[in-house]
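In our numbering, each residue carries its 1-based index in the sequence shown increased by 141.
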Amino acid sequence: MKKEVRDCFVFAAKDEEKGRKHKGLLITKPDDKMAEEYIAKAKINLQLCDLYKSQGYDYKIPEEWFYTLYYCALAILSKFGIESRSQKCTAAFLRYAKDSGLMDYDDEFIDRITVYSAKEEKSDVDERETARYGSSIKSKEVEVKYEYMADICKKAISQAEEIVFSDKEFKVPEELYE
Numbered sequence: 142m143k144k145e146v147r148d149c150f151v152f153a154a155k156d157e158e159k160g161r162k163h164k165g166l167l168i169t170k171p172d173d174k175m176a177e178e179y180i181a182k183a184k185i186n187l188q189l190c191d192l193y194k195s196q197g198y199d200y201k202i203p204e205e206w207f208y209t210l211y212y213c214a215l216a217i218l219s220k221f222g223i224e225s226r227s228q229k230c231t232a233a234f235l236r237y238a239k240d241s242g243l244m245d246y247d248d249e250f251i252d253r254i255t256v257y258s259a260k261e262e263k264s265d266v267d268e269r270e271t272a273r274y275g276s277s278i279k280s281k282e283v284e285v286k287y288e289y290m291a292d293i294c295k296k297a298i299s300q301a302e303e304i305v306f307s308d309k310e311f312k313v314p315e316e317l318y319e
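Right, dumping it as structure tokens:
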């Protein structure tokens, strides 16, 4: 995991040096305001789920669940002082930070935004894509797990808020980017 996360930082820095948009993780300065804005955006996304549900637009809901969780992740990265342009690198950093004891965040929230290469491994990324690009508007599956997923998103927001509104200083270990 450490090598994967380090590669996310190293390749992004090289892209930036060459004047290209990076596709990884870049060290910036911690930005509490941006972190708080991502939390606000996550909460709005969760409200959108209720709106879409009331209007019968089930196909939009998995995308909003995913982005609710992803905005929580971006809020945490902002607290660390990391800019991300990669879902895969975002999840990899969160996994590394949790496993290294840099922060406390449930594995499930990280697993749900993880991009898997193997066909048999699925996450909310796959559900988002299926709902987004599939032909269905209504979904029995969304209806069945609506309350469960709303609860997951609320818990993720709550845990992300604990990190974002914490007075603790979160630092990216130098071994990841030097």
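We put the beta carbon where it would ideally sit given N, CA and C, even for glycine.
- Comparing alpha-carbon positions, the option among VAL283, VAL285, ASP247 and PHE234 lying closest to VAL313 turns out to be PHE234.
- Residues PRO203 of the same chain have their beta carbon placed closer than 6 Å to that of GLU268, with the five preceding and five following residues left out of the count.
- Going by C-alpha positions, LYS159 is about 11 Å away from PHE152.
- Put simply, of GLU315, GLU319 and GLU303 the residue whose alpha carbon is nearest the alpha carbon of ASP173 is GLU303.
- The beta carbon of ALA216 is closer than 6 Å to those of ALA176, TYR179, ILE180, ALA301 and VAL305 in its chain, skipping five residues each way along the sequence.
- Taking C-alpha positions only, GLY197 is separated from ASP148 by approximately 42 Å.
- Distance check between TRP206 and each of GLY222, ALA183 and SER225 places ALA183 closest, using alpha-carbon atoms only.
- Residue state for GLU310 is assigned as coil, using DSSP reduced to three classes.
- TYR274 sits exposed, since fewer than 16 C-beta atoms from the chains shown fall within 10 Å of its C-beta.
- Its Cα nearest to that of THR255, the residue LEU210 stands out among VAL283, LEU210 and ASP156.
- Looking at the backbone, the Cα of SER227 and that of PRO171 are separated by about 18 Å.
- Apart from sequence neighbours up to five positions away, the residues of its chain that approach MET244 with a beta-carbon distance below 6 Å are ALA238 and ILE304, ordered along the chain.
- Taking 9 Å as the cut-off, the Cβ atoms of ILE223 and THR169 count as close.
- In the assembly as shown, LYS220 is a buried residue. Its beta-carbon has 16 or more other beta-carbons within 10 Å.
- Restricting attention to HIS163, ASP247, LYS279 and LEU218, the CA atom closest to the CA of LYS194 is found in LYS279.
- Distances from the CA of GLU310 to each of LYS201, LEU218, ALA272 and LYS162 were compared; the closest alpha carbon is that of LEU218.
- The straight-line gap separating the alpha-carbon atoms of ASP308 and HIS163 is approximately 30 Å.
- The straight-line gap separating the alpha-carbon atoms of THR231 and ALA214 is approximately 7 Å.
- Listed as beta-bridge partners of ILE223 by DSSP are ILE168.
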